[in-house]
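The opening residue of the sequence shown carries number 718 in the numbering used here; numbering runs sequentially from there.
Glycine included, each C-beta is placed from N, C-alpha and C at the ideal position.
Since the model is a prediction, treat every value here as computed from it, not as a measurement.
Single-structure report; data block below.
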Amino acid sequence: MMVRNGKPFSFDKSEINPNRKKASVKSTVMDVVIFLLVSAGYILQSIYYALFGKPKKDLYGELAMVTGGGGGLGRLLAMRLTKLGAKVIVWDINQD
């Protein structure tokens, strides 16, 4: 058994803290209503994205850094980002 403040400590909830405020019915109902509204919003947003897809981000003028852009997938990604109008910084071990 653990001891805290000179008294034996247990996880038994029979001892009630008199300083603890009880939640009112009004605040509990408001919390549930807010939870349901926010959840409904996220569900509707997910349905919309599933049907119509997420809006594409315009990369024109954005700055992008590609690591390993000397060859392979990094090089391909750098070229595609350039075609989309992004300013590309290519970082690679090889200088070629």
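Distance between residue 776 and residue 804 (C-alpha atoms, nearest Å): Residue mapping note: residue 804 aligns to position 87 of the sequence shown, counting from 1. Residue mapping note: residue 776 aligns to position 59 of the sequence shown, counting from 1. Looking at the two C-alpha atoms, the distance is approximately 9 angstroms.
Take the Cβ of residue 798 as the centre, count every other Cβ of all protein chains shown within 10 Å, and call the residue buried at 16 or more, exposed below. Your numbering for residue 798 matches position 81 in the sequence shown. Flag for residue 798 reads buried.
Take residue 786 and list the residues in its own chain whose beta-carbon comes closer than 6 angstroms to its own, dropping the five residues that flank it on each side. Within the sequence shown, the letter at position 69 stands for residue 786. Closer than 6 angstroms at Cβ, skipping near neighbours: 792, 795, 807 and 809.
Should residue 783 be labelled buried (16 or more other beta-carbon atoms within 10 Å of its own) or exposed? Residue 783 sits at position 66 when you count from the first residue of the sequence shown. So residue 783 counts as buried.
Residue 802 and residue 770 look like a contact to me (Cβ under 8 angstroms); what is the Cβ gap, rounded to whole Å? Within the sequence shown, the letter at position 85 stands for residue 802. Within the sequence shown, the letter at position 53 stands for residue 770. Taking the Cβ atoms as the reference, residue 802 lies roughly 21 angstroms from residue 770, outside the contact range of under 8 angstroms.
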